[in-house]
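Enquirer: Before I ask anything, here is the structure I am working with.
Residue numbers (this note's numbering): -6 to 98.
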């Protein structure tokens, strides 16, 4: 079975926010790696792509068995994507955050 994966506007805004955060952080460093932001987005995209085939393998997020969290490794920490399995054909990514952030935005 293959699922269609869709990002909400909030999730897309999260990706831009995370990208901007890395760029700003790296600009503030001597010899900062500006390519790191693109690498992070590539890791997130690859992680989210796995939801097409196996969304039920991710950990549950709360009481509803259709709300799940995908852990995406990157560097020393990574990211967490909150998503809902909506029916038998669609996965909706609602939010993406860095693992060190307190909660979803």
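Glycine included, each C-beta is placed from N, C-alpha and C at the ideal position. All figures in this text were calculated on a predicted structure; none of them were measured in a lab.
Within 10 angstroms of the Cβ of residue 40, are there 16 or more other Cβ atoms? Answer buried if so, exposed if not.
Expert: Locating residue 40 in the chain shown gives position 47, counting from the first residue. Buried.
Enquirer: In the DSSP output, which residue or residues are listed as bridge partners for residue -3?
Expert: Here residue -3 refers to the residue found at position 4 of the chain shown. Residue -3 is bridged to 83.
Enquirer: Can you give me the Cβ contacts of residue 80 inside the same chain, cut-off strictly under 7 Å, excluding the 5 residues immediately before and after it?
Expert: Residue mapping note: residue 80 aligns to position 87 of the chain shown, counting from 1. Once the five neighbours on either side are set aside, residue 80 has no close Cβ partner at all.
Enquirer: DSSP three-state label for residue 67, please.
Expert: By one-based count along the chain shown, residue 67 stands at place 74. Looking at residue 67 - three-state DSSP - the assignment turns out to be strand.
Enquirer: Apply the 10 Å Cβ neighbour rule to residue 27 and answer buried if 16 or more other Cβ atoms are within range, or exposed otherwise.
Expert: Residue numbering aside, residue 27 sits at position 34 when the chain shown is read from its first letter. So residue 27 ends up on the exposed side.
Enquirer: Whose CA, out of 8, 77 and 84, lies closest to the CA of residue 35?
Expert: Taking the first residue of the chain shown as position 1, residue 35 is located at position 42. Nearest option by C-alpha distance: 8.
Enquirer: Tell me whether residue 42 is buried or exposed, calling it buried when 16 or more other Cβ atoms sit within 10 Å of its Cβ.
Expert: If you number the chain shown from 1, residue 42 lands on position 49. With fewer than 16 Cβ atoms within 10 Å of its Cβ, residue 42 is classed as exposed.
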